[in-house]
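Report on the structure given below.
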């Protein structure tokens, strides 16, 4: 389950996201947890995209400000020159 919350702060309104997983306990009662299993990660990735799209609809300017810049390509490193073998004295 994903919830998007609108909050009020000193700098104005902002949104937060809560992600929980539902499961049935031993007594057949539904429970929620914030703990996710490795097998949940695919679903988390899909939900993350959906939440990002929804946030863009709700507050496009705020999301654009918060979006990380595209990482620059790492600088290409030059290989260190090979050490030359010493010539044997004749």
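In my numbering, the protein residues as written are 331 to 420.
Positions of the beta carbon are idealized from the N, C-alpha and C atoms, including for glycine.
All of these numbers come straight from a predicted model, not from anything done at the bench.
field: Endpoints, the alpha helix (DSSP H) within which residue 371 is located
entry: 371-388
task: For residue 371, I'd like the list of residues in its chain whose CB is within less than 8 Å of its CB, leaving aside the five on either flank, ordered along the chain.
output: none
task: Report the rounded CA-to-CA distance for residue 356 versus residue 340, giving the unit in angstroms.
output: 44 Å
message: I'd like to know if the stretch 375-384 and the stretch 360-367 are in contact, where contact means that at least 3 CB-CB pairs between them fall below 8 Å.
response: no
message: Is the beta carbon of residue 345 closer than 8 Å to that of residue 352?
response: Against a cut-off of 8 Å, the Cβ pair of residue 345 and residue 352 comes out as no contact.
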